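In the working numbering, the protein residues as written are 759 to 1180.
Cβ atoms here follow ideal geometry from the backbone N, Cα and C, with glycine treated the same way.
If you're wondering where the values come from, they're calculated on a predicted model, not measured in any experiment.
Before any comments, here is the structure.
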């Protein structure tokens, strides 16, 4: 590469035309010699130098720029790698944290699922055991109920068969009498312990044209009737041509109850043996007749006990009501007397008050009259005192003042009676 050191030296020369030329002196960088060159040559050399120097500087700058670029790229790569490493480390930490959380959540879920499954399994086992136990209890209950009803059905069938056999051997009248005897025997069996003061006898009073079978009456220690029941017993054999119903005897039974003064009526019946309505137990027929029941023979004693116990409570309530009523009557009498006394006292008070007020008014009038009299007397007293004062103030001098006639008269009188004047 050519290195040229230019030393600009301006020297003025005159050319042939008489003009001064600008000359440039150039020193060779190799030999150190100086030579002169004109403006055109100098410009050409300077151009070459500039181009070479520009290219050199450009090349150097490009190299420096490339180096800077490479350095920047390397630095950026290093920085990017560092940041990527940091980001990767951060991401790894976040991933580890998330993984730890996911592991914890997964563990918690597994534990929850395990507990839920365990709880469900336990509940399922308990439910299964409960269902098995309930099923076993149900089977046992069904078996017990079945046995119970089978026993009841068997007993009922035996009873029906026995009754049918009994009715087959007896006439219609004897069947009825046997039912009455059965009820009477059952009652007499417990009479002494359960109903020591009770009356239970056949109704033999046919004066009204009809009669029931039995009348029951029970009383307390004082002889007060607790309850009374008219009983009718009805039965018939299978050979009877005409089959009766319980409904056929209710009207007559209600009439007997009313005529004999009984509170309740009970039909003890073996009629309509196949009727579930009458086979359920104690049946009330209040919708037809008041205080009337239809029962099977096995409920003969229970109906007496129920009605008697209910009547005992009713009697207690009646006694309490009578006591309260008596107390209310006493209170009413007391209140009546008190009101009578208050009325009489009020009248006497009003009369005395009016008379007292009249007396007060008369006294007020008297006081007013006396007050006026007093004021009049006081006025008279004042007038008398003024008159006295005026009388005491009268003298001959005052009487004869401005009155010459009187003065003359008094003077003459004084001269005639000198002793009086003295």
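Cβ-based burial, residue i [other Cβ within 10 Å; buried from 16]
i, result
"residue 1123", "exposed"
"residue 990", "buried"
"residue 942", "buried"
"residue 860", "exposed"
"residue 945", "buried"
"residue 1058", "buried"
"residue 846", "exposed"
"residue 1004", "buried"
"residue 1069", "buried"
"residue 903", "exposed"
"residue 1081", "exposed"
"residue 1011", "buried"
"residue 767", "Caution applies to residue 767, whose pLDDT of 44 falls short of 50 and renders its modelled position unreliable; the value that the coordinates give is listed next. Exposed."
Contact check, residue i vs residue j, beta carbons under 8 Å
i, j, result
"residue 1062", "residue 974", "yes"
"residue 1071", "residue 1027", "no"
"residue 985", "residue 1021", "yes"
"residue 1014", "residue 969", "yes"
"residue 755", "residue 1029", "Nothing can be reported for residue 755: it is not among the residues displayed for the chain, which extend from 759 to 1180."
"residue 971", "residue 963", "no"
"residue 1060", "residue 940", "no"
"residue 785", "residue 795", "no"
Nearest residue (CA-CA) to residue i, options the options
i, options, result
"residue 1032", "898, 813, 918 and 875", "918"
"residue 988", "968, 820 and 1024", "1024"
"residue 792", "799, 800, 783 and 798", "783"
"residue 1017", "828, 967, 840 and 833", "967"
"residue 956", "876, 940 and 981", "981"
Straight-line gap, residue i to residue j (C-alpha atoms, nearest Å)
i, j, result
"residue 1053", "residue 1077", "31 Å"
"residue 1075", "residue 1019", "21 Å"
"residue 1034", "residue 1009", "22 Å"
"residue 1121", "residue 1105", "24 Å"
"residue 907", "residue 895", "18 Å"
"residue 1137", "residue 1119", "26 Å"
"residue 959", "residue 977", "15 Å"
"residue 822", "residue 816", "9 Å"
"residue 1065", "residue 1051", "11 Å"
"residue 841", "residue 813", "39 Å"
"residue 858", "residue 869", "16 Å"
"residue 1130", "residue 1116", "21 Å"
"residue 1171", "residue 1160", "18 Å"
"residue 890", "residue 883", "10 Å"
"residue 1125", "residue 1102", "34 Å"
(message) Would the stretch 1034-1049 count as touching the stretch 944-956 if we require 3 or more Cβ pairs under 8 Å?
(response) Here the stretch 1034-1049 does not lie against the stretch 944-956, with fewer than 3 beta-carbon pairs under 8 Å apart.
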